[in-house]
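If you read the first sequence in UniProt numbering, its first letter stands for residue 1, the second for the next number, and so on. By construction, the Cβ of each residue, glycine as well, lies at the ideal position given by its N, Cα and C atoms. Have a look at the structure below, then the notes.
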Amino acid sequence: MKKGDHLFLVDGSGYIFRAYHALPPLTRKSDGLPVGAVSGFCNMLWKLMLDARNTEAGVVPTHFAVIFDYSSKTFRNELYPEYKANRSAPPEDLIPQFGLIRQATKAFELPCIEMEGFEADDLIATYARLACEAGGDTTIVSSDKDLMQLVGPSVSMYDPMKDRQINIPEVIEKWGVPPEKMIDLQALTGDSVDNVPGVPGIGPKTAAQLLEQFGDLDTLLARASEIKQDKRRQSIIDNAEKARISRELVRLKIDVPVADGLEDFVLQPPNGPKLIGFLKTMEFTSLTRRVAEATGTEAGEIEAAPVSVQWGADAHGPDVGAGAIPAAAPAAATAARANGGSTAAAVPSSAPSDSGTALDTPTDLANKIAAAAVSEKFDHAAYVTIRDLATLKAWVAEATEAGVVAFDTETSSLDPMQAELVGISFATAPGRAAYVPLAHKSGRGDLLGGGLVENQIPVRDALAVLKPLLEDGSVLKIAQNLKYDLVVMNRHGVDIRPFDDTMLLSYVLDGGTNGGHGMDPLSEKWLGHTPIAFKDIAGSGKNFVGFDQVDIDKATAYAAEDADVTLRLWRVLKPRLAAKGLTSVYERLERPLVPVLAEMEQRGISVDRQILSRLSGELAQGAARLEDEINTLAGERFNIGSPKQLGDILFGRMGLPGGTKTKTGQWSTSAQVLEDLAAEGHELPRKIVDWRQLTKLKSTYTDALPGFINPETKRVHTSYALAATTTGRLSSSDPNLQNIPIRTAEGRKIRTAFIADKGNKLISADYSQIELRVLAHVADIAQLKQAFADGVDIHAMTASEMFSVPVEGMPSEVRRRAKAINFGIIYGISAFGLANQLSIPREEASDYIKKYFERFPGIRAYMDETKAFCRDTGYVETIFGRRIHYPEIRSSNPSVRAFNERASINARLQGTAADIIRRAMIRMDDALVAAKLSARMLLQVHDELIFETIESEVAATIPVVRHVMENAAMPAASMSVPLHVDANAADSWDEAH
DNA sequence: ACAGAAGCTTA
DNA sequence: GTAAGCTTCTGTT
1 MKKGDHLFLV DGSGYIFRAY HALPPLTRKS DGLPVGAVSG FCNMLWKLML DARNTEAGVV
61 PTHFAVIFDY SSKTFRNELY PEYKANRSAP PEDLIPQFGL IRQATKAFEL PCIEMEGFEA
121 DDLIATYARL ACEAGGDTTI VSSDKDLMQL VGPSVSMYDP MKDRQINIPE VIEKWGVPPE
181 KMIDLQALTG DSVDNVPGVP GIGPKTAAQL LEQFGDLDTL LARASEIKQD KRRQSIIDNA
241 EKARISRELV RLKIDVPVAD GLEDFVLQPP NGPKLIGFLK TMEFTSLTRR VAEATGTEAG
301 EIEAAPVSVQ WGADAHGPDV GAGAIPAAAP AAATAARANG GSTAAAVPSS APSDSGTALD
361 TPTDLANKIA AAAVSEKFDH AAYVTIRDLA TLKAWVAEAT EAGVVAFDTE TSSLDPMQAE
421 LVGISFATAP GRAAYVPLAH KSGRGDLLGG GLVENQIPVR DALAVLKPLL EDGSVLKIAQ
481 NLKYDLVVMN RHGVDIRPFD DTMLLSYVLD GGTNGGHGMD PLSEKWLGHT PIAFKDIAGS
541 GKNFVGFDQV DIDKATAYAA EDADVTLRLW RVLKPRLAAK GLTSVYERLE RPLVPVLAEM
601 EQRGISVDRQ ILSRLSGELA QGAARLEDEI NTLAGERFNI GSPKQLGDIL FGRMGLPGGT
661 KTKTGQWSTS AQVLEDLAAE GHELPRKIVD WRQLTKLKST YTDALPGFIN PETKRVHTSY
721 ALAATTTGRL SSSDPNLQNI PIRTAEGRKI RTAFIADKGN KLISADYSQI ELRVLAHVAD
781 IAQLKQAFAD GVDIHAMTAS EMFSVPVEGM PSEVRRRAKA INFGIIYGIS AFGLANQLSI
841 PREEASDYIK KYFERFPGIR AYMDETKAFC RDTGYVETIF GRRIHYPEIR SSNPSVRAFN
901 ERASINARLQ GTAADIIRRA MIRMDDALVA AKLSARMLLQ VHDELIFETI ESEVAATIPV
961 VRHVMENAAM PAASMSVPLH VDANAADSWD EAH
């Protein structure tokens, strides 16, 4: 190695653990072998290899090695027997991946370095030193803080998962000390994961401050008596020896007697066939393809290479010897392909969940179909562009014959109520897909001014051919987020049934796991394929062009691929539904809601422009007056909307009493802080709070809402997301009609603008205390159930139980506290949160909670049981079987864990309530029709439904609505607590609620 | 032009 | 203490 050379050292062991926890679990499709960390590792190495040959990337490695821990016993254990003693065994599905990652390294033609008695970190330190002495530079591929002590002028670190370089400034920024003081810092803070003791009570912030003050650890220990804080001084004096031992534990060894020299690390060009053989065995289809392209190798001609898999506990060590078994992959994958994958001829004529036989367990079948959907290649050139009716009819016949067709609409807008249909794509088998351009326009520079491109089937003619297919009860239509396509097609007089929605399948199966339910992440996760990005063909930002401007060849590749991906996803996901027992959640809570919401969105609600305009004027006046007063009081003009400037003025220039802390070092100017200051008699903060309220109302509601009035329908059409929340609630956007103000008189006025059409009324029907009722039922709390059965004031009852005060003549403050506790329970209560809510000391909040649990021991049992269940299974369930996953419930970080525990407790309650109102919505239209009523649902706000109906039917409608809502849980679940619904009718939402 | 923080609205 | 979405400001691309 010489000056100018660059050594890359990959911290293999560190990467394994980080990738395992950071990446979604991934198993080999053919046999379920866990390979998530291996996949991450291979992708990372490949990316580094690509950069290595890209001279523009700046840093070009000439030498390369991957370093591993050999075993957990090292020289440090002699120094301190407890070192890494509390480390638990690695997760079961990680064990086989240790060996696989070493084999991956070899497939990449990279040195795989490990040494008995030393950690990977020591080897890295030693090689970095050798490289430095030879005049070369080193990049350590890791983000482990233990390695940061090595950073210097010729040694830097690179975090491959965040794509971030770590040099001296980054270390200082993160830890407050330069790299050379990291050893002292870690000696003070210790490390609970590795069981390095450190000094109790000293964290990174304090340690950095002490080192800043004293210079280094020895000086600090020698002059510890000078420390002012009593507890801190005592702890450092008492634990000086522990700090010295810790320093030796964290200090990396730079003189390990290594066997290989740097000359063995010279980077070799990739061996395409060898690498592809390994990747094929792992079934990393996407990476295999990329490697084949880059190395000019014909992947199809290469056999999957045998690998050895060790499930045993010894898999930590070198991967020779004991228990190696040949991988089952090639045979299983072949069998799966034969079973039902390859072409149209083998497409099952009904849904795969129906086609399982006695020979296949659901899981086997799921694996086989998944393998088939994944094994077929994505070939954009094979997609067909349909330009005439005869071809279209032939495809419709093919789809009808297949019985299953995936389809997707391409439009000019994200808003389905304004979107123009531009084209339609469909797929009848993996790899067999087509696109029908309908309304592509020529470029805008054209003098013809966006005339239709030639050779397209007219929309009307195409729909006449497609309508029978889309409405054919014997052909299953599959889409991703079908509600969008349904709204678009409904506007053209076409219905879509029967159907499946891959987004909803994923939501039901994997709700709460990391990664969204959009098509791109699903394709990545299940098919290992990255589809063409929308922005790559239609641009983004100022380069954005509507889909109707996209070149038809590009549009074909993009649109047909979407249909192809959707079909393959369905083949992967649908069988998992039955395998996991989630069919009824999908079929009863998700799928039927799609047409219901599509209709609600299409109906929209009338919003009175004039009312909003008048309100906007009033708000502007009020805000302007406050602005003048604020500027006068502050003595200068500034941007009131800037929390930064406001903080500087209030707490800096004006010197108001110590504002509360903030996250990024800024003064907090939250309403809470300003209210507190106002209570102390300061004039300005009150006015800021008022100003914020007025400007918020103006910008978010009175000014924004008119822009959402559809020019054609003159109504506002929100968009409901079915798969956006973790708990099963809906969300509303564009505009969000689930957060229209109500609490303050000023805000409430916004609701007067939501009105019924002439001769009509709005009806608002809302569940009373639904989540507390669900709690009473699920946790089986006798007193609560009795209270709800008797119809008494639940918060007063709680207060009476807790504080032994009669309900008659109860002070409102006592009831307020009980109410906060009741809400707290639903939110997974913590003393910290309750104290905040009630502005009382944490100890007092703690006492309240204790008292509450004494009075209602069943609640504590319920909460403990929920946490335990979630910890065991990784999810919680609503009473209707909806699963909500909390993959971080077992986090070693106590605050992360506590957060997940609270969320899981809340999810059972919030999720059950969400399921109940979903059931009501699904039944509502039929019930209204059966009662010969013309009322229809317009909006849903979590526990409230808004209807519009003709005035004369109001009285008859309310009992029907209440009946459907109050009995919505039946018969799937029989609630032991009655549900109660309040309903009112009026001309506006304000009066009706 | 975009991303993240801060702040505020709802159930 | 739970669950969302939107606007403004601010600093980076």
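Distance from the CA of leucine 452 to the CA of alanine 462, rounded to the nearest whole angstrom, comes to 15 Å. Alanine 222 counts as exposed, since fewer than 16 other C-beta atoms from the protein chains shown sit within 10 angstroms of its C-beta. Listed in chain order, the alpha helix (DSSP H) elements of length 4 or more contained wholly in the region 607 to 693 are 609 to 634, 643 to 647, 671 to 679. When Tyr848, Pro841, Gly4 are compared, the shortest CA-CA separation from isoleucine 829 is found for Tyr848. DSSP links proline 34 through a beta bridge to Thr27. Pairwise C-beta distances place the region 854 to 869 out of contact with the region 471 to 486, as fewer than three of them are shorter than 8 Å.
Leaving aside the five residues that flank valine 404 on each side, the residues in its chain whose CB is nearer than 6 Å to its CB run, in chain order, Leu476. By the C-beta criterion, the region 564 to 583 is judged to be in contact with the region 519 to 531, since at least 3 inter-stretch pairs fall below 8 Å. An exposed status is given to methionine 970, since fewer than 16 other beta-carbon atoms sit within 10 Å of its beta-carbon.
Using a C-beta cut-off of 8 Å, the region 587 to 594 makes contact with the region 499 to 508, since at least three inter-stretch Cβ pairs fall below that distance. Burial of phenylalanine 108 is indicated by the presence of at least 16 other C-beta atoms within 10 angstroms of its C-beta. If the five residues before and after aspartate 485 are omitted, its C-beta is found closer than 6 Å to the C-beta atoms of Thr409, Ala479, all from its own chain and listed in chain order.
Less than 9 Å divides the Cβ of proline 978 from the Cβ of phenylalanine 788.
Bounds of the alpha helix (DSSP H) holding tyrosine 848 are 842 to 855. In the structure shown, the three-state DSSP call for lysine 932 is coil. Close CB contacts of threonine 752 within its chain, under the 7 Å cut and outside five residues either way in sequence, are with Ile611, Ser988, Asp990 (chain order).
Straight through space, the alpha carbons of leucine 656 and glutamate 801 are spaced by roughly 43 Å. Between aspartate 472 and lysine 574, the beta carbon gap of about 19 Å keeps them out of contact (Cβ cut-off 8 Å).
For a cut-off of 8 Å, the C-beta gap from histidine 63 to leucine 262 is around 6 Å, short enough to register as a contact.
Leucine 633 and glutamate 683 do touch by the CB rule: their CB atoms are close to 6 Å apart, below 8 Å. Between the region 125 to 141 and the region 271 to 285, the count of C-beta pairs closer than 8 Å stays below three; the two stretches do not touch. Per DSSP, the unbroken alpha helix (DSSP H) holding alanine 187 starts and ends at 182 to 189. Under the DSSP definition of a beta bridge, threonine 411 partners with Leu421. Contact between leucine 438 and isoleucine 424 holds, with the beta-carbon distance rounding to 7 Å and staying under 8 Å.
With contacts defined as CB atoms closer than 9 Å, arginine 625 and glycine 911 fail to qualify as a contacting pair. Asparagine 455 and alanine 381 have their C-alpha atoms roughly 20 Å apart. By the 16-neighbour rule on beta-carbons within 10 angstroms, glutamine 693 is buried.
By the Cβ neighbour-count rule, leucine 100 is buried, with 16 or more other Cβ atoms within 10 Å of its own. Taking isoleucine 605 as the centre and dropping the five residues before and after it, the same chain places the C-beta of Arg715, Val716, Phe754, Leu938, Leu939 closer than 7 Å to its C-beta, in chain order. Straight-line measurement puts the Cα of isoleucine 16 at about 8 Å from the Cα of valine 38. Straight-line spacing of the CA atoms in glycine 747 and alanine 704 works out to 14 Å. For proline 437, the three-state secondary structure derived from DSSP is strand. Taking alanine 972 as the centre and dropping the five residues before and after it, the same chain places the C-beta of Phe880 closer than 7 Å to its C-beta, in chain order.
As the crow flies, the alpha-carbon of arginine 816 is around 39 Å from that of glutamate 951. Given a length threshold of 4 residues, each whole run of the alpha helix (DSSP H) inside the region 455 to 492 is given here in chain order: 459 to 470, 482 to 491. Between tyrosine 827 and asparagine 906, the C-beta spacing is below 9 Å.
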